Structures are given as C-alpha cells and as structure tokens.
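In the numbering used here, the protein residues as written are 528 to 744.
So, in structure tokens, the structure goes:
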C-alpha cells in the first residue's frame, strides 16, 4: 500500500518570497492599485494568508518591488545568450534583453512612487536594518556591469576602451532611456542604440577632441 505523503508546508520566509514573486507581474501591470484578491489568486492562497505573511498590503508591495533589484535572473539571461558572431551582434543581443528589463523596472518604480505618495501621511519610517533602495539599485547595477564585462571581454581587441567601459555606457544608456514622464514607445530603436554605443553620434571622426581654444602649451 502506497504511503500517502503530504507536501511539506512552507515556512513564513518561503511563503513571503512566493507571494512577493507572484505579485511582481501584477505590480507591473496594475501598479499600486492591484488588489489583495488579485494577489491571492495569483499566489494560489487565501487573502487571509497574505496578512499572515505580511503586516499589510504596503509591506507586501514593497517586498515585491524589492525583487526587481535581484539581478540573478537578469544575469542568468545575459549569460545564457548565444555568443555573438561579432561585437555588433553581441551588443545588439544584450541591448534587446536589457531594453525589456529597463521597461519593467520603470513600471515597478512608478508603482512604488505612487504607493509612497498615496500613503506618505500614514507610512511608517523605513526600518533601519533594511538597506535603502539606492544602495540596492547600486549593487544591482554593479552586478549587471560585471556580467556585461564578462560578455564583452572576448571582443576586447575590437574595442577602443576596456570592456567594463562599454558595459557601463550600455547600462547607463539602456537602463536610463525610459525615465518617468517619457513615453515608452519612443523612436530610440534597438538598432539606433547599438549604433550610437559603437559609433557615437558625430557624422565623421572629430579631428581634435579637445575643447575649442585649448592649447598644447
């Protein structure tokens, strides 16, 4: 007779992580107006379970938003990309991937900002043991920069600057291309971004990159 085995129940930390993960796409889609009913359905739990794992809806949404700064998924996607046949193909593949990531981060951050504004009068002060969002963002960008540097290192001979410089320029350009207030469907195509990253914006090489009026003396 087969033994009837029941699934091991989640502990509170695992439950919190699972609920937060299920909330991320809802936060991206609906912003801070997402309901606890929608979250419970997505997580496959009862609404009451949400508040056993989290003190309130605000804490739940902030936990979901913080997962945006977990770079492990993005780094895994970068490392899983097929190796480009040349530098242009390599940069294009990375730009396409990060372009989608940048839009996702933007939507989440807009939702978090709306939540903070809506509840600014009632929200408790940040807990001191939690790192500020700025620090989390800096760490995330550094981890992405390191992953990109590894991707571009095989093409070092094709670059005027070290691979880490291209990585930093790419992150600055792509991750900052859709700030709040700008339409997402703008005319900065992937091809244009790649062209500017690799060739700049000047119509022809500048004969003297020094500022006008400078002197060698």
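No residue lacks a Cβ here, since even glycine has one placed at the ideal position from N, Cα and C. Since this is a predicted model, take the numbers as computed values, not measurements.
query: At the level of alpha carbons, what is the spacing between residue 587 and residue 681?; result: 42 Å
query: Between the Cα of residue 639 and those of 595, 702 and 574, spot the shortest distance and give me the residue it belongs to.; result: 595
query: In the structure shown, what three-state DSSP assignment does residue 715 receive?; result: coil
query: Compare the C-alpha of residue 577 against each of 563, 590 and 589 and name the closest.; result: 563
query: Alpha carbon to alpha carbon, how far is residue 543 from residue 604?; result: 25 Å
query: Rounded to whole angstroms, what is the Cα-Cα separation between residue 686 and residue 721?; result: 14 Å
query: Quick one: residues in its chain with C-beta nearer than 8 Å to the C-beta of residue 696, no 5 flanking neighbours on either side, listed in chain order?; result: 724
query: Short of 7 Å in beta carbon distance, which residues of its chain neighbour residue 539, apart from the five on each side in sequence? Order them along the chain.; result: 580
query: By the 10 Å Cβ neighbour count, where 16 or more other Cβ atoms means buried, how is residue 719 classified, buried or exposed?; result: exposed
query: Please state the DSSP three-state secondary structure of residue 654.; result: Residue placement at residue 654 is flagged as unreliable, the pLDDT there being 48, under the threshold of 50; the coordinate-derived value follows with that caveat. The answer is coil: DSSP assigns residue 654 none of H, G, I, E or B.
query: Mapping the DSSP letters down to three states, classify residue 676 as helix, strand or coil.; result: helix
query: Can you tell which of 609, 571, 693 and 702 has the C-alpha that lies nearest to the C-alpha of residue 478?; result: Past the boundaries of the shown model lies residue 478; the chain is included only from 528 to 744, so the question cannot be answered.
query: Are the CB atoms of residue 601 and residue 636 nearer to each other than 9 Å?; result: no
query: Could you give the DSSP three-state label for residue 561: helix, strand or coil?; result: coil
query: Taking only the alpha-carbon atoms, compute the straight-line gap between residue 700 and residue 669 and give it to the nearest angstrom.; result: 15 Å
query: Rounded to a whole number of angstroms, what is the C-alpha to C-alpha distance between residue 590 and residue 684?; result: 43 Å
query: DSSP on residue 687, reduced to helix/strand/coil?; result: coil
query: Which word fits residue 599, buried or exposed, when buried means at least 16 other C-beta atoms lie within 10 angstroms of its C-beta?; result: exposed
query: In three-state DSSP terms, what is residue 572?; result: coil
query: Could you tell me the distance, in whole angstroms, from the CA atom of residue 609 to the CA atom of residue 633?; result: 27 Å
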